[in-house]
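Colleague: In UniProt numbering, the protein residues as written are 1 to 638.
For glycine and all other residues, C-beta sits at the position ideal for the given N, C-alpha and C.
Source: prediction; values computed, not measured.
1. In this structure, does DSSP put residue 549 in helix, strand or coil?
2. Identify every residue that forms a DSSP beta bridge with residue 156.
3. Answer with buried or exposed for residue 449, where buried requires no fewer than 16 other C-beta atoms within 10 angstroms of its C-beta.
4. Mark residue 561 as exposed unless 16 or more other C-beta atoms lie within 10 angstroms of its C-beta, in which case mark it buried.
5. Measure how close the beta-carbons of residue 172 and residue 220 come, nearest whole angstrom, since I'm counting them as under 8 angstroms.
6. Rounded C-beta distance between residue 262 and residue 203? I'm assuming under 8 angstroms.
7. Please report how far the alpha carbon of residue 174 lies from the alpha carbon of residue 501, in whole angstroms.
8. Kindly indicate which residue of 469, 476, 404 has the alpha-carbon position closest to the one of residue 414.
9. Using CA coordinates, which residue listed in 557, 571, 479 is at the minimum distance from residue 646?
10. What is the rounded straight-line gap between the Cα of residue 648 and the Cα of residue 200?
11. With DSSP as the reference, label residue 126 as helix, strand or coil.
12. What residue range does the beta strand (DSSP E) around residue 445 cover?
13. Using 10 angstroms around the beta-carbon of residue 158, count the other beta-carbons present and answer buried if the total reaches 16, otherwise exposed.
14. Whose C-alpha, out of 527, 540, 584, is nearest the C-alpha of residue 444?
15. Taking C-beta to C-beta, are residue 218 and residue 190 nearer than 7 angstroms?
16. Does DSSP put residue 641 in a helix, in a strand, or in coil?
17. If we require 4 or more residues per run, which alpha helix (DSSP H) segments fall completely within the stretch 435 to 489?
18. Mapping DSSP to helix, strand and coil, what is residue 233?
19. Using DSSP with H/G/I as helix, E/B as strand and the rest coil, what is residue 251?
20. Nearest by alpha-carbon distance to residue 697: which of 621, 355, 397 is it?
21. Using a Cβ-Cβ cut-off of 7 angstroms (strictly less than) and excluding sequence neighbours within five positions of residue 620, which residues of its own chain qualify?
22. Report buried or exposed for residue 249, applying the criterion of at least 16 other Cβ atoms within 10 angstroms of its Cβ.
23. Go to residue 560, then tell me how far its beta strand (DSSP E) extends in each direction, as first and last residue.
24. Let's test the definition: count the other Cβ atoms within 10 Å of the Cβ of residue 556 and tell me whether it reaches 16, buried, or not, exposed.
25. Taking contact to mean at least 3 C-beta pairs separated by less than 8 angstroms, is the stretch 128 to 141 in contact with the stretch 241 to 260?
26. Tell me where the beta strand (DSSP E) around residue 584 begins and ends.
27. On a Cα-Cα basis, can you pick out the residue from 475, 480, 559 that is closest to residue 497?
28. For the putative contact between residue 418 and residue 402, defined by C-beta atoms under 8 angstroms, what is the C-beta separation to the nearest angstrom?
29. Just to confirm, is the Cβ distance from residue 447 to residue 423 under 7 angstroms?
30. Considering only the alpha carbon of each residue, which of 207, 490, 228, 194 lies closest to residue 435?
31. Does the stretch 599 to 619 come close enough to the stretch 514 to 532 to have 3 or more Cβ pairs within less than 8 angstroms?
32. So, are the CB atoms of residue 427 and residue 397 less than 7 angstroms apart?
33. Which term fits residue 75, buried or exposed, when burial requires 16 or more other beta carbons within 10 angstroms of its beta carbon?
34. What three-state label does DSSP hand residue 268 in the structure shown?
35. In the structure shown, what three-state DSSP assignment does residue 574 receive?
36. Please classify residue 177 as buried or exposed, where buried requires at least 16 other C-beta atoms within 10 Å of its C-beta.
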């Protein structure tokens with residue numbers, strides 16, 4: 001179903017109360033059969049009545065939160081049985097009337113949940129931003145294909161939505177969501193109609209007929225041609241023991257026939273807990289919503305089954321609207337503690353990959369919920385580069401043979417020279433970090449220093465124009481594969497310092513980082529990445545020196561002098577290249593063993609949040625300056 005943006009005053013929405021004309025006479029007492037003080041109000045209330053004239057709304061629409069309708073003088077709260085009899089007399093099931101915006105009320109306590117503002121039994125929508133509940137007819141939203149207690153939708157109220165209009169989109173429901181909605185409606189129907197309400201319902205007599213009758217109201221998925229789904233829903237409810245109760249056989253001595261079994265029910269009988277499983281609710285209420293289907297967990301704690309423990313470890317709490325393999329887009333997955341997927345593409349073969357996440361500042365973030373991107377290029381406008389707030393060694397921006405520790409601060413070499421860069425780079429200012437030589441067996445070597453993003457990962461640092469290094473053997477400095485004597489060498493146990501100073505007035509220094517929104521998005525192991533092609537030849541030709549820039553290396557707190565000055569302009573990353581099996585650890589700050597003296601600098605650790613601010617500003621500026629559709633920045637030509 002297509003998304004619907006409904007203005008608050010659009011046609012079909014309930015008009016607000018009309019102001020009464022000023023009068024010097026006191027108002028006449030309300031007459032149940034008369035028009036009352038507001039004839040327009042009467043017509044609005046009439047629309048809420050059943051065919052026999054019995055109001056079926058718990059509150060008067062003319063005066064919100066009023067238990068007495070000023071139009072007719074009748075109590076707004078009415079006997080539910082009369083309303084249900086009215087619908088039955090006209091050949092309508094009360095749940096069928098949900099499509100006609102009729103509501104079923106709670107005969108015992110009314111349908112209004114005083115604690116959270118819910119009106120159970122009505123078609124309600126929860127805003128995914130402010131999490132408040134609204135009845136669907138508050139905004140005039142078409143509910144002909146909806147049911148109470150549905151969870152497969154996205155809804156933003158007109159206060160929260162960026163356009164000032166309401167946004168409502170039905171999504172494809174999986175079998176778990178359909179079973180949840182069916183049991184909730186059956187439970188509610190039993191509470192309002194039966195003298196002794198039921199909590200368990202027969203698969204063959206209750207659940208399957210209900211889903212078959214309201215299939216189109218429960219999901220946007222096409223009704224399957226083969227009748228295999230009844231068996232699948234049984235498997236689903238038997239598997240999801242954290243949500244559903246299962247009773248396979250009657251109790252000994254019970255008069256219930258055996259053919260009524262198996263029976264299923266809801267583990268959490270509080271129907272007010274049922275709602276859409278928005279990602280922000282699942283994350284913020286992971287603990288507090290134990291026992292709440294709205295948060296995706298049920299009372300009693302852990303889920304049962306072979307995969308329950310792994311699911312909770314990998315993805316946190318499980319939601320009622322969990323993504324499936326067939327979904328074209330995945331929401332931002334929960335990352336490991338070090339902030340990057342364990343399985344990821346490497347930067348190689350002329351391509352670089354930047355982890356992406358949904359951009360909350362995109363003008364139309366609801367496009368992420370659409371299924372129309374299956375088999376089509378995903379628009380980069382809706383995503384942004386995913387940044388970790390700590391500066392660490394990059395897992396993807398390295399040669400695959402290098403081994404990175406779990407804390408992403410130690411690297412072990414393997415075979416010939418290969419390189420790893422840090423996750424964050426600098427474009428202006430003075431910066432510093434340290435490297436400790438943990439292990440350096442014989443016949444091993446290291447070249448350490450700074451590299452731009454296009455520096456060759458399968459070569460020693462200082463191999464090309466994009467990197468500058470200091471070698472362990474003989475203390476040689478390298479740039480463009482040209483070695484020059486610089487200082488004495490270093491070895492195991494030494495603490496080395498790396499300082500870079502970049503001018504503030506260069507073109508690179510004044511520019512914001514790339515947003516990557518014009519790059520192609522690819523999916524790898526359930527995560528999305530921007531794919532950027534390296535135009536090395538063109539980049540080399542465009543390099544120009546940055547006057548006043550310099551690089552200085554330190555050994556155990558002692559400056560070895562200026563190694564390079566007037567280096568090429570660009571973004572520089574801390575870099576490590578190792579030969580064979582030596583081990584080094586990196587310290588990005590803010591505390592160093594040998595902090596430099598007589599020079600001003602910032603620790604590389606400061607670039608963590610600094611990069612977040614820069615990228616956020618770049619993303620917002622991108623959205624402000626460009627149109628939503630058809631935007632494409634011209635890429636470099638090879």
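Modeller: Reading off the structure:
1. Here residue 549 carries a coil assignment [DSSP, helix/strand/coil].
2. According to DSSP, which records beta bridges pairwise, residue 156 is partnered with 167.
3. When all chains shown are included, residue 449 counts as buried.
4. Exposed.
5. Yes, they are in contact, since the Cβ atoms of residue 172 and residue 220 sit about 5 angstroms apart, within 8 angstroms.
6. Going by Cβ atoms, the distance from residue 262 to residue 203 rounds to 5 angstroms, so yes, they are a contact pair.
7. One alpha carbon belongs to residue 174, the other to residue 501, and they sit about 56 angstroms apart.
8. Checking every option, the nearest Cα to that of residue 414 belongs to 404.
9. Here the chain has residues from 1 to 638 only, and residue 646 is not among them.
10. Look at the range of the chain in this structure, 1 to 638, and you will see that residue 648 is not part of it.
11. Here DSSP, grouped into helix, strand and coil, assigns residue 126 to strand.
12. Segment 445 to 451, the beta strand (DSSP E) holding residue 445.
13. Burial check for residue 158: the Cβ neighbour count within 10 Å reaches 16 or more, so the residue is buried.
14. Residue 584 holds the alpha-carbon nearest to the alpha-carbon of residue 444 among 527, 540, 584.
15. The answer is no: Cβ separation not under 7 angstroms.
16. For residue 641 there is no data in the structure shown, the boundaries of the chain being 1 and 638.
17. None, since the stretch 435 to 489 contains no complete alpha helix (DSSP H) of that length.
18. Taken through DSSP and simplified to helix, strand or coil, residue 233 comes out as helix.
19. In this structure, residue 251 counts as coil in the three-state DSSP scheme.
20. Past the boundaries of the shown model lies residue 697; the chain is included only from 1 to 638, so the question cannot be answered.
21. Only 361 meet the Cβ criterion.
22. Result: exposed.
23. In the DSSP annotation of this structure, the continuous segment of the beta strand (DSSP E) that includes residue 560 starts and ends at 558 to 565.
24. Classification of residue 556: exposed, given that the 10 Å Cβ count is below 16.
25. Taking 8 angstroms as the limit for Cβ pairs, the verdict is that the stretch 241 to 260 does not touch the stretch 128 to 141.
26. Start and end: 583 to 587.
27. The shortest C-alpha separation from residue 497 is found at 559.
28. For residue 418 against residue 402, the beta-carbon gap comes to about 6 angstroms, under 8 angstroms, which counts as contact.
29. With respect to the 7 angstroms criterion, residue 447 and residue 423 are not classified as neighbours on the basis of their beta carbons.
30. Residue 490 is the option with its Cα nearest to residue 435.
31. Yes, since at least three Cβ pairs between the stretch 599 to 619 and the stretch 514 to 532 fall closer than 8 angstroms, the two stretches touch.
32. If you check the CB distance, residue 427 and residue 397 do not come in under 7 angstroms.
33. Per-residue confidence for residue 75 stands at a pLDDT of 38, beneath the threshold of 50, marking its modelled position as unreliable; the derived number appears in the next sentence. Within a 10 Å sphere around the beta-carbon of residue 75 sit fewer than 16 other beta-carbons, which makes this residue exposed.
34. In the structure shown, residue 268 sits in coil (DSSP, three-state: anything other than H, G, I, E or B).
35. DSSP places residue 574 in strand when its eight states are reduced to three.
36. By the 10 Å Cβ count, residue 177 comes out buried.
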